[in-house]
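Undergrad: Below is one structure. I have some questions about it.
2 protein chains.
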Amino acid sequence: MTTKSKSRGAASLPLNSVLSGDCVAQMRKLPDESVDLVFADPPYNLQLKGELMRPDNSRVDAVDDDWDSFDSFKTYDTFTRAWLKQARRVLKPHGGIWVIGSYHNVFRLGAELQNQGFWILNDVVWRKSNPMPNFRGKRLTNAHETLIWASKSEGAKYTFNYEALKALNEGVQMRSDWVLPICTGNERLKDENGQKAHPTQKPESLLHRVILGTTNPGDVILDPFFGTGTTGAVAKAMGRDFIGIEREAEYRRVAEARIAQVRTYDSDALQVSTSKRAEPRVAFGVLVERGMLRPGEVLHSLGGRHKARVRADGTLVCSEAKGSIHQVGAQLEGAPSCNGWTYWHFKRDGVTVPIDLLRQQVRAEMAEG
Amino acid sequence: MTTKSKSRGAASLPLNSVLSGDCVAQMRKLPDESVDLVFADPPYNLQLKGELMRPDNSRVDAVDDDWDSFDSFKTYDTFTRAWLKQARRVLKPHGGIWVIGSYHNVFRLGAELQNQGFWILNDVVWRKSNPMPNFRGKRLTNAHETLIWASKSEGAKYTFNYEALKALNEGVQMRSDWVLPICTGNERLKDENGQKAHPTQKPESLLHRVILGTTNPGDVILDPFFGTGTTGAVAKAMGRDFIGIEREAEYRRVAEARIAQVRTYDSDALQVSTSKRAEPRVAFGVLVERGMLRPGEVLHSLGGRHKARVRADGTLVCSEAKGSIHQVGAQLEGAPSCNGWTYWHFKRDGVTVPIDLLRQQVRAEMAEG
DNA sequence: TCAGACAATGAATCTAAGG
DNA sequence: TCCTTAGATTCATTGTCTG
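Those sequence lines, one after another, are chains A and B. In this text, residue positions in the first sequence follow the numbering used here: the first is 1, and each later residue adds one. In this text, residue positions in the second sequence follow the numbering used here: the first is 1, and each later residue adds one.
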């Protein structure tokens, strides 16, 4: 695996590598405010009891490894508090965090996130299209897991590629319920005996959506419960850097072999739909300066009921109001706000055109030069 | 509203009425272990700040009621602890509880349920088919709410009408995600001005599923945050008793008027598919004893490839195997197990019929006499 | 009467840059 | 840090109006 370092002040980050040992201890070594996203799939406090699952004491192929035994909620909360505290310290002020869990642990996770000042943005339901049925008919089929997406604090900025997720969802905004299949088939990593290498391997499709939606290329993603490295594999493919932490040597080995085989997508494939908000701001006055509109020229409102005249300083005036294109539009419509760019139109050769077309021309010229 | 009382020892229950005042104080007056189910839709503590306008400049009518406002998480947790403690005391040992919330409060709810010793059975996602969109494009559409279903303690029995929910779900196991529309149209209660009578009225379909799946006719359902009485309306329609508690006089008034108009379904409509587990076990030999099958009679396998003969002791025999209907079926199919009731068929008047039909006849006779 | 346009609305933690 | 201003942003369903 190629390991690069990003220097940040005196410290540098162990990028694109899998650190061994306890995640709290390892995170302590990382500098403050150094990663853009944390994705955490902590061990579930499943409290499975073998005798409940298998009366005949046969081997339970479920989540009952040593690392998943916590003797009480208190212990689990202490553990959760410790790793979340470090994750929060390491996270940049405008970074994001995702945690995933089931009903066994997700309420502890969510409450502790809130207690530490993280600001929940959404809870997201991963609706499994092919869950394991409830064989005994004593409960509902447990067909989902819950993710929580949060920013570092209330009011903090955060990365959200709204348009990209909307595009992924066939043009309507992405909802908080995601229907994705569980990890099976070739994607499911096996050991030399053909047994699954990790009991709770997450599907890459899930990480793809998380990373596409809430990071940008070049961002650093920290996964303190790396397991067999789904986060790292998808991060690498998508041109993001990752830092993994994993206690179990065997999982690290599998993860490193897996990630070594991943190729990063071409950079143009990593370009996503951007929002208009990301485009450079253009002052209306620039259109007048450039002669695209003449002072004194008449603009017509959407619908054609109102008219206003352009002034040399880039404001509009009419009998009822004067001011910016937005202010005059809002005033005429009796609305609290108005987007003047789409509201006002001008006429050229008998055709009525929104002034936003001129803004697009300016932006195109800015991009060239 | 007809109010009846169920006496339980010295105390009696204010059935099918809406109590006024604080839910903690009112629950304190109820006897220990007296209700079968608690359904609770507590305030969500939304923490909304300013106004929100839609893109068309209309204002979103938000939940800004005083009852939803709390100073801090600590205050909210104290409140949650208090009402859950009373709910738990009032609940029968084999009773169940449902709570509903959003990401604002549901993690606090779930954690406190666990802290008090409730045993979570499922978390259920209500996926809204028509949620309000995210108007500013800053987050995912908040398209679901979360319900938590729990028993009073680990190992406690609880009511779960598995077959009824399966039937409701077109013959496949009910999953932990329920797609239901929000409460609109005629179902949405309006005040005299045509405004919604309650900002967060739940759809009856949601309560229908809860009550069908986790109570039996005649059970007592307590709703400490009664609002406009969806729980009571569905409970009454389904032949369950309810106890409502509501602080706001106007909500109580609306709820009482609403419930007065509800008619209870006919009792045969309330008979639900019962779990096969709950049905009396019928030994195959009984069919022979009763003369429904003759010893020596030939049974044919599903698909017709195999035959076996009935023996007088209620076992089957063929050249390859002998034993119970299940054992022989499994042996012939090379399968680890086999449901002999659906596997084996007999012929009467040229028609091939599964032996399960005979079992059903036996059960019907047992039910009658 | 019916089709189609138009309006209303739902538990919402809903902006960002620049002065 | 506060205040002002630019200007970006919606889905499914039901009810009402119009031609």
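We treat Cβ as the ideally placed atom computed from N, Cα and C, and that holds for glycine.
Ends of the beta strand (DSSP E) at residue 166 of chain A?
TA: Here residue 166 of chain A belongs to no beta strand (DSSP E); instead the alpha helix (DSSP H) covers 162-168.
Undergrad: For a test of the three-state rule: what should DSSP assign to residue 97 of chain A, helix, strand or coil?
TA: Reduced to three states, the DSSP call for residue 97 of chain A is strand.
Undergrad: List in chain order: all unbroken beta strand (DSSP E) runs of 3+ residues lying wholly within the segment 241-270 of chain B.
TA: Entirely contained in the segment 241-270 of chain B, the beta strand (DSSP E) runs reaching 3 residues are, in chain order, 241-246.
Undergrad: DSSP three-state label for residue 141 of chain B, please.
TA: The answer is strand: DSSP assigns residue 141 of chain B an E or B state.
Undergrad: Whose Cβ in chain A lies nearer than 9 Å to the Cβ of residue 196 of chain B?
TA: Result: empty, since nearest Cβ-Cβ is about 23 Å, beyond 9 Å.
Undergrad: Using the Cα positions of residue 147 of chain A and residue 342 of chain B, report the straight-line distance between them to the nearest angstrom.
TA: Their Cα atoms are separated by approximately 42 Å.
Undergrad: Mind the definition here: the segment 157-170 of chain A touches the segment 183-193 of chain A only if three or more C-beta pairs lie below 8 Å; say whether that holds.
TA: No: fewer than three Cβ pairs fall under 8 Å.
Undergrad: For a minimum of 4 consecutive residues, which ranges assigned as the alpha helix (DSSP H) are wholly contained in the segment 280-307 of chain A?
TA: Listed in chain order, they are 284-289.
Undergrad: For residue 356 of chain A, does the three-state DSSP call read helix, strand or coil?
TA: Residue state, collapsed to three classes: helix.
Undergrad: Are the CB atoms of residue 310 of chain A and residue 379 of chain A within a distance shorter than 8 Å?
TA: Since the first and last residues shown for chain A are 1 and 369, residue 379 of chain A lies out of range.
Undergrad: If the cut is a Cβ gap below 8 Å, which residues of chain A does residue 176 of chain B touch?
TA: In chain order: 140, 141, 142, 143 and 144.
Undergrad: Tell me the rounded alpha-carbon separation between residue 351 of chain B and residue 326 of chain B.
TA: In a straight line, the C-alpha of residue 351 of chain B is about 22 Å away from that of residue 326 of chain B.
Undergrad: Helix or strand or just coil, what does DSSP make of residue 79 of chain B?
TA: Residue state, collapsed to three classes: helix.
Undergrad: So, at 6 Å on beta carbons, what are the nonlocal neighbours of residue 82 of chain A in its own chain, with the 5 sequence-adjacent residues on each side left out?
TA: The answer, listed in chain order, is 24.
Undergrad: Taking only beta-carbon positions, decide if residue 182 of chain A is within less than 8 Å of chain B.
TA: Not one chain B Cβ lies under 8 Å of residue 182 of chain A.
Undergrad: Just to confirm, is the Cβ distance from residue 285 of chain A to residue 314 of chain A under 8 Å?
TA: In contact: residue 285 of chain A and residue 314 of chain A (Cβ atoms closer than 8 Å).
Undergrad: Cα separation between residue 207 of chain A and residue 112 of chain A?
TA: Rounded to whole angstroms, residue 207 of chain A to residue 112 of chain A spans 23 Å at the Cα level.
Undergrad: Looking at residue 123 of chain A and the ligand SAH, is the gap between the Cβ and the nearest heavy atom below 7 Å?
TA: Here there are no bound small molecules, and the ligand SAH is not part of this structure.
Undergrad: One question on the structure: do residue 177 of chain A and residue 127 of chain B come within less than 8 Å of each other, judged by their Cβ atoms?
TA: In this structure, residue 127 of chain B lies closer than 8 Å to residue 177 of chain A by Cβ.
Undergrad: So which of B:250, B:239 and B:248 has the shortest CA-CA distance to residue 271 of chain B?
TA: Minimum Cα distance to residue 271 of chain B is reached at B:239.
Undergrad: Determine whether the Cβ of residue 70 of chain A lies closer than 8 Å to any Cβ atom of chain B.
TA: Any reading at residue 70 of chain A must be qualified, since the residue scores a pLDDT of 46, below 50, and its modelled position is unreliable; the value itself is stated next. So, not an interface residue.
Undergrad: Looking at the structure shown, is residue 127 of chain A part of a helix, part of a strand, or coil, going by DSSP?
TA: Residue 127 of chain A falls in the strand class under three-state DSSP.
Undergrad: Contact check, residue 19 of chain A vs residue 26 of chain A under 8 Å by CB: the rounded distance?
TA: Residue 19 of chain A to residue 26 of chain A, Cβ: 5 Å. Contact.
Undergrad: Tell me, please, whether the CB atom of residue 137 of chain B is closer than 8 Å to any CB atom in chain A?
TA: Residue 137 of chain B counts as touching chain A.
Undergrad: For the pair the segment 127-136 of chain A and the segment 87-95 of chain B, tell me if three or more CB-CB distances fall below 8 Å.
TA: Result no; under three Cβ-Cβ pairs closer than 8 Å.
Undergrad: Tell me which residues share the same chain as residue 241 of chain A and place their Cβ nearer than 6 Å to its Cβ, disregarding the 5 neighbours each side in the sequence.
TA: Closer than 6 Å at the Cβ level, and outside the excluded window around residue 241 of chain A, lie 15, 16 and 220.
Undergrad: Would you kindly report the start and end of the unbroken beta strand (DSSP E) that includes residue 347 of chain A?
TA: Residue 347 of chain A -> beta strand (DSSP E) spans 344-348.
Undergrad: Please state whether DSSP places residue 132 of chain B in a helix, a strand or coil.
TA: If DSSP states are grouped into helix, strand and coil, residue 132 of chain B belongs with coil.
Undergrad: Short of 7 Å Cβ to Cβ, which residues in the segment 34-53 of chain B face chain A?
TA: Those would be 53, in chain order.
Undergrad: Exposed or buried, which one is residue 28 of chain A when buried takes at least 16 other CB atoms within 10 Å?
TA: Its Cβ having fewer than 16 others within 10 Å, residue 28 of chain A is exposed.
Undergrad: Tell me whether residue 66 of chain B sits in a helix, a strand or coil according to DSSP, three-state version.
TA: DSSP places residue 66 of chain B in helix when its eight states are reduced to three.
Undergrad: At least one CB of chain A closer than 8 Å to the CB of residue 93 of chain B: is that the case?
TA: Closer than 8 Å: no.
Undergrad: Helix or strand or just coil, what does DSSP make of residue 317 of chain B?
TA: In this structure, residue 317 of chain B counts as strand in the three-state DSSP scheme.
Undergrad: With DSSP as the reference, identify every bridge partner of residue 200 of chain A, one or two as the case may be.
TA: Bridge partners of residue 200 of chain A: none, in fact.
Undergrad: Is any beta-carbon of chain A found at less than 8 Å from that of residue 116 of chain B?
TA: With 8 Å as the cut-off, residue 116 of chain B does not count as an interface residue toward chain A.
Undergrad: Residue 84 of chain A: which of A:118, A:308 and A:361 sits nearest, CA to CA?
TA: Per the Cα distances, A:118.
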